[in-house]
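Take numbering that gives the first Met the number 0: the final residue in the sequence shown is number 128, and no numbers are missing along the way. We put the beta carbon where it would ideally sit given N, CA and C, even for glycine. The block underneath contains the structure these notes are about, expressed in structure tokens.
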Amino acid sequence: MRFENWLFPKIKEGQPTKYHWIVQHKDKFRLGKYTVTLEENVQIGSHCSIYSCSTIDDKSGPVTLKKNCRIGTHSVIMPGVTVGENTVIGAFSFVNTDIPADVVAYGVPARVIRKLSVEEKEKFSEGDN
Ligand SMILES: CC(C)(COP(=O)(O)OP(=O)(O)OC[C@H]1O[C@@H](n2cnc3c(N)ncnc32)[C@H](O)[C@@H]1OP(=O)(O)O)[C@@H](O)C(=O)NCCC(=O)NCCS
0 MRFENWLFPK IKEGQPTKYH WIVQHKDKFR LGKYTVTLEE NVQIGSHCSI
50 YSCSTIDDKS GPVTLKKNCR IGTHSVIMPG VTVGENTVIG AFSFVNTDIP
100 ADVVAYGVPA RVIRKLSVEE KEKFSEGDN
């Protein structure tokens, strides 16, 4: 299984974890609970930004990335957004509304482009096995 050897990293404010991602507002970040929720087997490409708090436009709200979803590189997830199970967000997307389960979505702003095929869904769910 893909995440078999995954260990919970030490999270220090503004400093890269051993997986090279950075958490700001550490007090509001919980893996699996509360403000930013990353469910099982979520994958996030490099250079993504996940905001539960966006000071520029004064938005805030919990972000939930559901089981098995994948976020393409350089995407931005805005406050209050939920990305559904197995869904793939294409590279360079600006995700400012909820995206349902089992779809491919991309763009600025991100829009649902198509449903995942049965084969893709099975492949993306492999971490469940
Ligand atoms: C969204 C994605 C999954 C779609 O893959 P796919 O179904 O194989 O789609 P295709 O490559 O066949 O592209 C289909 C069309 O969508 C367009 N497209 C694909 N991804 C796009 C994106 N992120 N943004 C805008 N357009 C995109 C393609 O240019 C193509 O357009 P066309 O029909 O006009 O030629 C993939 O393009 C993607 O973005 N993957 C993320 C990869 C990534 O971030 N990797 C690094 C982390 S591991």
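- In this structure V107 touches F93 by the C-beta definition: roughly 4 angstroms separates them, less than 8 angstroms.
- Rounded to the nearest angstrom, the gap between the Cα atoms of F7 and T54 is 28 angstroms.
- Taking the C-beta atoms as reference points, A100 is found no nearer than 9 angstroms to E119.
- Under the three-state reduction of DSSP output, V107 falls in the coil class, being neither helix nor strand.
- 9 angstroms or more divides the Cβ of I70 from the Cβ of V103.
- Where V117 is concerned, the enclosing alpha helix (DSSP H) starts and stops at V117 to F123.
- About 5 angstroms separates the beta carbons of S45 and T72, which is inside the 8 angstroms limit, making them a contact pair.
- Per DSSP, the unbroken beta strand (DSSP E) holding V62 starts and ends at V62 to L64.
- Taking a contact as a CB-CB distance under 8 angstroms, the pair P78 and S48 does not count as one, their CB atoms being some 11 angstroms apart.
- When the five nearest sequence neighbours on each side are left out, the beta carbons in the same chain lying within less than 6 angstroms of the beta carbon of L64 are those of L37, V41 and V82, in order along the chain.
- Residues of the same chain with a CB within less than 6 angstroms of the CB of E12, apart from the 5 flanking positions on each side, are K25 in chain order.
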